[in-house]
Amino acid sequence: MGENHLESPTRLKVLRDAFSNQSTLSVKWKEARDATQTELETTHSITHIEEIEESQNHQFTEFTPDTIANEFTYEAALSAAGGTIQAALYAFEKKQITFAMLRPPGHHATHSAAMGFCFFNNVAIAANILRTEKNLDKIVILDIDNHHGNGTQSLFYQTPEVLYISLHAHPAFAYPGTGLCTETGDGLGSGFNINIPLTYHIDDKNYLLAIDEIVLPIINIYDPQMMLISLGLDGLQNDPYGALSLSPDGFYEIGNKLTQLNVVKNGRVSVVLEGGYNYEDMGRATVNFFEGIEGVERVISQEESDIDPEFIRILRKVKGIQRGYWIGL
3 MGENHLESPT RLKVLRDAFS NQSTLSVKWK EARDATQTEL ETTHSITHIE EIEESQNHQF
63 TEFTPDTIAN EFTYEAALSA AGGTIQAALY AFEKKQITFA MLRPPGHHAT HSAAMGFCFF
123 NNVAIAANIL RTEKNLDKIV ILDIDNHHGN GTQSLFYQTP EVLYISLHAH PAFAYPGTGL
183 CTETGDGLGS GFNINIPLTY HIDDKNYLLA IDEIVLPIIN IYDPQMMLIS LGLDGLQNDP
243 YGALSLSPDG FYEIGNKLTQ LNVVKNGRVS VVLEGGYNYE DMGRATVNFF EGIEGVERVI
303 SQEESDIDPE FIRILRKVKG IQRGYWIGL
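Numbering-wise (this note's numbering), the sequence shown opens with residue 3 and increments by one.
Here is the structure:
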């Protein structure tokens, strides 16, 4: 992306070091494979794939002002997509939680456009491979990046086979300006797209309220065969590209909340790296998240904070809309 851009290889080094320096999780490393043309075509147009491929012939290709490729980007994007497929299939077959610790990220990439640092939509490609190769028709994608996954939303907006739930900074002040709670899906997909826009600098306590009141109940009703998680660490406080104020311990609590879900108890969960640019805290937050979702017991000392009345209004609005689709919410 450029010498001073924070979406850089340093991100993976930070995460690798964090996993190497912890002792609570048993980690096995696997090298990512490349996605095939056929796999990419489950999600992207041939023209889009060819445009990304062409970028390897140039030192600089600007898809958008913030999404720039060099001659190695196509190779990295193939690896990110292929490794995400690999991780998702492994989690489904082995019933073991996996992490596609890969870049570039993907959730902003649409059917025919690269944007927001994303070239191929890794999590969407993996979901489509699960649908075609494993005949799954109930997959949930939980997106906890600071930014709304507009690409993922658009790709599954008209199908009930993929439930998309996103918690993200409110589009009134955050890129890409999508993700209102009124965006609920279309046609057969009506009700299977759930957006929870978050107030500025939301803290752990308020964020976890949304998990408890909306995310867990709806996923339990949906009862998915497989769960994919777009893990963005840019919700951390002091992230240079973020607008939220989650703590590293908050990521433990998010993961731990998800252990209440049957799909997590069954181990059919694959986590996909999206954003995250606070190099100081993102490694610890990532390990914390996996400790939480793996059920590692920890005592978290919560700082006292207030319930945000503006966010309560948003939650009520989201629940009011979703009650039209999810009986019992």
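All C-beta atoms, glycine included, are put in the ideal place defined by N, C-alpha and C.
Being a predicted model, the structure only gives us computed values, none of them experimental.
From the options, residue whose alpha carbon lies closest to that of residue i
i      : options                        : result
Thr134 : Gly330, Thr40, Asn148          : Thr40
Ile131 : Leu91, Pro107, Ile99, His113   : Leu91
Ile309 : Leu200, Gln324, Gln88, Asn137  : Leu200
Thr49  : Val273, Tyr279, Thr112, Asp225 : Thr112
Ile337 : Thr288, Thr38, Lys321          : Within the shown structure, residues of the chain are numbered from 3 to 331, placing residue 337 beyond reach of any answer.
Val271 : Thr44, Val16, Glu95            : Glu95
Ser25  : Glu55, Glu293, Lys32, Phe194   : Glu293
Arg325 : Leu246, Ser307, Phe194, Val301 : Phe194
Arg18  : Glu5, Lys32, Asn6              : Lys32
Asp68  : Asn6, Ile323, Leu42            : Asn6
Gln160 : Tyr166, Gly189, Ile167         : Gly189
Within 9 angstroms, strictly: CB atoms of residue i and residue j
i      : j      : result
Ala78  : His60  : no
Ile216 : Ile196 : yes
Gly151 : Ile143 : yes
Ala34  : Ala82  : yes
Gly277 : Leu235 : yes
Tyr279 : Thr186 : no
Ile221 : Ile316 : no
Leu157 : Asn124 : no
Leu8   : Pro226 : no
Met228 : Leu169 : no
Ile141 : His46  : no
Asn268 : Lys97  : yes
Ile295 : Val320 : no
Leu331 : Pro162 : no
Thr184 : Ile323 : yes
Residues near residue i in its chain [Cβ-Cβ closer than 6 angstroms; skip 5 each side]
i      : result
Phe65  : Ala116
Ser114 : Ser47, His50
Residue i versus residue j: straight-line alpha-carbon distance, rounded
i      : j      : result
Ala93  : Leu233 : 16 angstroms
Gly14  : Arg105 : Reading the sequence as shown, one finds Leu at residue 14 and not Gly. Looking at the two C-alpha atoms, the distance is approximately 8 angstroms.
Glu255 : Asn290 : 8 angstroms
Leu27  : Thr261 : 16 angstroms
Glu52  : Ser303 : 51 angstroms
Ala1   : Val29  : Only positions 3 to 331 of the chain appear in this structure, which leaves residue 1 out of reach.
Ile204 : Pro311 : 11 angstroms
Gly297 : Gly252 : 15 angstroms
Arg286 : Ile223 : 32 angstroms
Ser192 : Glu282 : 40 angstroms
Glu305 : Lys136 : 44 angstroms
Glu1   : Met3   : Outside the displayed range of the chain (3 to 331) lies residue 1, so it cannot be described from this structure.
Val266 : Thr100 : 11 angstroms
Asn23  : Arg300 : 18 angstroms
Leu80  : Val164 : 23 angstroms
Thr12  : Glu73  : 19 angstroms
Ala171 : Gln88  : 30 angstroms
Asp36  : Asn264 : 31 angstroms
Gln155 : Ile314 : 24 angstroms
Ser10  : Ile167 : 27 angstroms
Proximal residues to residue i (C-beta, below 7 angstroms), its chain only, five neighbours per side dropped
i      : result
Ser57  : Thr63, Ala71, Thr75, Tyr76
Pro107 : Phe119, Cys120, Leu275, Glu276, Gly277
Pro173 : His150, Gly179, Thr180, Gly181, Leu182, Pro199
Ala212 : Leu169, Ile198, Leu317
Phe175 : Tyr202, Ala245
Thr86  : Ala102, Leu104, Asn124, Val125, Ile127, Ala128, Val274
Ser307 : Asp205, Lys207
Asn240 : Asn280
Cutoff 8 angstroms; reference residue i; Cβ partners in own chain excluding five residues on either side
i      : result
Pro178 : His110, Met117, Gly118, His149, His150, Asn152
Val16  : Tyr281, Met284, Gly285
Leu210 : Gly252, Glu255, Ile256, Lys259
Pro250 : Leu238, Asp283, Arg286, Ala287, Asn290
Thr38  : Gly84
Glu43  : Ile51
Asp214 : Lys259
Near the ligand GDP: residue i beta-carbon under 8 angstroms from a heavy atom
i     : result
His46 : This structure lacks the ligand GDP, and indeed carries no ligand of any kind.
Problem - Segments assigned beta strand (DSSP E), at least 3 residues, entirely inside the region 176-260 - result: 195-200, 228-233
Handout entry: Runs of beta strand (DSSP E) wholly within the region 51-75 (minimum 3 residues, chain order)
Key = Fully enclosed beta strand (DSSP E) runs of 3 or longer: 63-66, 69-71.
Problem - Segments of 3+ residues assigned as beta strand (DSSP E) that fall wholly inside the region 96-164 - result: 100-102, 141-145
Practice task
Please list the segments of the beta strand (DSSP E) lying wholly inside the region 264-322, counting only runs of 3 or more residues, in order along the chain.
Solution key: 271-275
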